[in-house]
Amino acid sequence: MEGDSVTLRIDLAEIQGFTKIIWNYGNEIIAKILEGNLSLPNSDERFRDRLKLDEQTGSLTITNIRTEHAGDYSVDVKKLTTAKLTKFKVTIHGGVKTVSVKEGESVILHTDVTEIQGYDLILWKKEDYLVAEFNQQTKLFLRRDRDNRFNGRLQLHPQTGSVIISDSGDSDSGVYHLNMNSSSHNLQRTISVAVKSVFSNEKDGVKTVSEKKGNSVLLHTRVTEIEKDDPIEWTFGPQNISIAKTDGKSKIISYNDTDVRFNNRLHLQTENGDLTIKHANSEHSGLYQIKIINNTFTIQKRFSVTVSGE
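Below, the structure written as structure tokens:
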């Protein structure tokens, strides 16, 4: 894909005792090592400042690749008595990929390969944070979510190596990097993910929640983490009746026990502000609002809840 980096590799056994390594694009020499001296001819503007030649392995990397770099590549490895020519065909798919989903939907990060058997190691990162990996020797897919950012929401496709992030939130937005290594080449891909808040897409910035009578209603704030000293308050109805809150210091939760509609029905999670209304019925239908006050900003979100009959 355009914008990726591709590394074309030589078998290390083939370069033992080499005297010359010459890389060609079509019939044009683009990189070479002669008697230990590395050279990157700059006659072709398409490759200017894009080529990296490894003096130890002879591998050639093309950075920030474009469709104009597609085509036939070859490397000629010469020794005192032998020579071997290896050919590569590079195909480029257009455009740096951008994935955009609504909050709560699944994000699929595609490798754009149909089979991963030819790759020894596959690494997925978000910025510099290792998310997942596949090792061909062990045949194991491993989730490397050491900080529990994804909290069990990661899945890996065993055939293609693609990653699926379920129940996406704003914290999943960002730049993801894929690195796929094989004996002949290395493929690097960058995918930009944007998770759009449902609150900005709903009418008047209100999220609609519907549930059947007798079930629990979960008002999911999708706030990733609340600081210890940040007070939280949930209100209900046009009068903004306070129904659950914390003082922001001890994180002790106070519920409105005087309102019989909510007596022993509420559960507030202080880590993210989520509110659960247990055994909901029609009298719990209405407008709910949460306010989280930080030292630098205030988070306010509203939910329109409808509880229907059985």
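Here the working numbering is used: the first residue of the sequence shown is 1214, the next is one more, and so on. Cβ atoms here follow ideal geometry from the backbone N, Cα and C, with glycine treated the same way.
Looking at Thr1421, Asp1442 and Asn1428, the one whose alpha-carbon comes closest to that of Tyr1501 is Thr1421. Between Val1376 and Ala1345, the beta carbon gap of about 6 angstroms places them in contact (Cβ cut-off 8 angstroms). Within the same chain, and ignoring the five residues on either side of Glu1268 in sequence, the residues whose Cβ sits closer than 7 angstroms to its Cβ are Ile1246 and Leu1251.
Here Ser1272 has Thr1220, Leu1221, Arg1222 and Ile1223 as same chain residues with Cβ atoms under 7 angstroms from its own Cβ, once five neighbours each way along the sequence are excluded.
Residue burial is scored here from C-beta neighbours: Val1473 has fewer than 16 other C-beta atoms within 10 angstroms and is therefore classed as exposed. With distances taken between CA atoms, Lys1504 lies nearest to Thr1434 out of Lys1352, Ile1466, Thr1434 and Gly1249. Note: Lys1462 is not bridge-paired with any residue in the DSSP secondary-structure output. Ile1378 places its beta carbon less than 8 angstroms from that of Val1320. Excluding residues up to 5 positions away in sequence, Ile1456, Ala1457, Leu1488 and Ile1503 lie with their Cβ nearer than 6 angstroms to the Cβ of Trp1447 in the same chain. Between the stretch 1364–1371 and the stretch 1284–1299 there are fewer than three C-beta pairs closer than 8 angstroms, too few to call the two in contact. Judged by beta-carbon spacing, Gly1331 lies within the 8 angstroms limit of Ser1395, meaning their Cβ atoms are closer than that value. Nearest to Glu1328 by C-alpha distance, out of Gln1349, Asp1470 and Lys1310, is Gln1349. Annotation: the continuous beta strand (DSSP E) that includes Leu1391 extends over Gly1387 to Asn1394. 8 angstroms or more divides the Cβ of Ile1439 from the Cβ of Thr1511. Here the alpha carbons of Arg1261 and Ile1235 stand approximately 17 angstroms from one another.
Within its own chain, the residues whose Cβ lies closer than 7 angstroms to the Cβ of Val1303, once the five positions on either side in sequence are excluded, are Val1219, His1282, Ala1283, Gly1284 and Tyr1286, listed in chain order. The three-state secondary structure of Asp1341, taken from DSSP, is coil.
With 16 or more neighbouring CB atoms inside 10 Å of its own CB, Ala1244 falls in the buried class.
With distances taken between CA atoms, Lys1426 lies nearest to Ser1521 out of Leu1266, Arg1359 and Ser1521.
By the neighbour-count criterion, in which a residue is buried when 16 or more other Cβ atoms sit within 10 angstroms of its Cβ, Thr1295 is exposed. When rounded, the separation of the alpha-carbon atoms in Gly1249 and Val1312 is 44 angstroms. Inter-residue distance for Met1393 and Asp1325 is about 11 angstroms (C-alpha atoms, whole angstroms).
An exposed status is given to Glu1258, since fewer than 16 other beta-carbon atoms sit within 10 Å of its beta-carbon.
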